[in-house]
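Written below as structure tokens is the structure these notes are about.
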Amino acid sequence: MTEALVGTVYAQPGSGARFDWGLGGATELGRVCSALVVVDVLSFTTSVEVAVSRGIRVYPFPWGAQAAEYARRVGAVAAVGRREATPDHPWSLSPAALRTAPVVSDLVLPSPNGSTISAAASASGVPVVAACLRNAPAIGRWLVDQGYGTTARPIGVIAAGERWPDGTVRPCVEDHLAAALVLDALATVPGGLSVEAAVALAALSSVPDLPAAVRGCVSGRELNYLGFGEDVEIAAQVGVSQVVPLLRDGVFAAA
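For the sequence shown, position 233 matches number 232 in numbering that gives the first Met the number 0, and the numbering has no gaps at all.
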């Protein structure tokens, strides 16, 4: 089998909705899909949904010290890590903080997973939407209404995952479940689901209580342990939002 043919197989050809993990999966599906859905429940895409629902435009940016300089360049406020937030600068990668922080017009929101993936995908010019448990059904309906999901206009659903200490992707329950919820809304698209997408969707049938799963999974327990349980509670709410954050010209805003 030639290298080119192997590359084609990785793109899950012949299906209208496809599924993969992390930056590598986003890069692969971004080459062939007409729209990408990025899922990073704890907490980038949940934070995006909360911010965009308040009228804040969100710039995704890779995790690192350059975010503040980039924010100055585009005239935005730079969000910081949860533990770096202060009463004078409450904007952070925390859905709970963004719910109560003063509304700003533009926010640079760096994160090591979902934001990095979104920023990279934006460079390809493919439409990118940010999905979490709160808005996953609305995301799926919007994609169908826009005519995505055929073999000619396939959708790539990307679960961002977390990171192991060595930097490799750690597949995680919360992103898997939110991706599955998006795929559930796409289950009847004309192009059908790839095998990977169908297997990812099957997780829903074994998890009757999604909020309990998010609270009890490794990532949810980690945030609770660190004192950010309210972020977990906000992220665990299912289908409460109709907001579709769409990345246009490097900025997430309501579609």
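For every residue, glycine included, the Cβ atom is placed at its ideal position computed from N, Cα and C. None of the values given here were measured: they were computed from a predicted structure.
For this session: Would you kindly report the start and end of the unbroken beta strand (DSSP E) that includes residue 105?
Result: First-last of the beta strand (DSSP E) with residue 105: 105–110.
For this session: Out of 241, 240 and 108, state which residue places its alpha-carbon closest to the alpha-carbon of residue 58.
Result: Looking only at 241, 240 and 108, the smallest Cα-Cα distance to residue 58 is reached by 108.
Problem set entry | Per-residue burial, residue 91 [other beta carbons within 10 Å of its own, 16 or more giving buried] | Sixteen is the threshold: when 16 or more other Cβ atoms of the shown chains lie within 10 Å of the Cβ of residue 91, as they do, the residue is buried.
Exercise. Are the CB atoms of residue 250 and residue 157 nearer to each other than 8 angstroms?
Worked result: Between residue 250 and residue 157, the gap from beta carbon to beta carbon reaches 8 angstroms or more.
Exercise. Going by Cα to Cα distance, which pick from 77, 187, 208 and 112 is closest to residue 97?
Worked result: Answer by Cα proximity: 77.
Exercise. What do you get for residue 50, buried or exposed, if any count of 16 or more other CB atoms within 10 angstroms of its CB means buried?
Worked result: By the Cβ-count criterion, residue 50 is buried, with 16 or more other Cβ atoms from all chains shown falling within 10 Å of its own Cβ.
Problem set entry | Through-space distance from residue 88 to residue 52, alpha-carbon basis | Taking the straight line from one Cα to the other gives about 20 angstroms.
Exercise. Are the beta-carbon atoms belonging to residue 25 and residue 35 less than 8 angstroms from one another?
Worked result: For the 8 angstroms CB-CB criterion, residue 25 and residue 35 form a contact.
Exercise. Does the distance from the CB of residue 117 to the CB of residue 246 come in under 8 angstroms?
Worked result: It is a contact, given that the beta carbons lie within the stated cut-off.
Problem set entry | Residue range of the beta strand (DSSP E) that includes residue 127 | Under the DSSP assignment, residue 127 falls in the beta strand (DSSP E) whose first and last residues are 127–130.
For this session: Would you list the one or two residues that DSSP bridges to residue 59?
Result: Beta-bridge annotation (DSSP): residue 59 is paired with 108.
Exercise. Taking C-alpha atoms, which residue in 73, 101 and 112 lies nearest to residue 63?
Worked result: Cα-wise, what sits closest to residue 63 is 112.
Exercise. Is it right to say residue 217 is buried, meaning 16 or more other beta carbons lie within 10 angstroms of its own, or is it exposed?
Worked result: Classification of residue 217: exposed, given that the 10 Å Cβ count is below 16.
Exercise. Using the C-alpha atoms, what's the distance from residue 138 back to residue 238?
Worked result: Take the alpha-carbon of residue 238 and the one of residue 138: they are about 10 angstroms apart.
Problem set entry | The alpha helix (DSSP H) enclosing residue 310, as first and last residue numbers | Because the chain spans 0 through 254 in this model, residue 310 falls outside it and cannot be assessed.
Exercise. Between the region 200–212 and the region 146–163, do at least 3 Cβ pairs fall closer than 8 angstroms?
Worked result: Verdict: no, contact absent.
For this session: Determine the extent of the beta strand (DSSP E) in which residue 141 is found, giving its start and end residues.
Result: Note, residue 141: premise wrong, no beta strand (DSSP E); alpha helix (DSSP H) at 135–144.
Exercise. Exposed or buried, what is residue 56 when buried is set at 16 or more other beta-carbons lying within 10 Å of its beta-carbon?
Worked result: With 16 or more other Cβ atoms inside 10 Å of its own Cβ, residue 56 counts as buried.
Problem set entry | residue 29 classed as buried or exposed, judged by whether at least 16 other C-beta atoms fall within 10 angstroms | Buried, since its Cβ has 16 or more Cβ neighbours within 10 Å.
For this session: Would you identify the three-state DSSP class for residue 155, choosing helix, strand or coil?
Result: The three-state secondary structure of residue 155, taken from DSSP, is strand.
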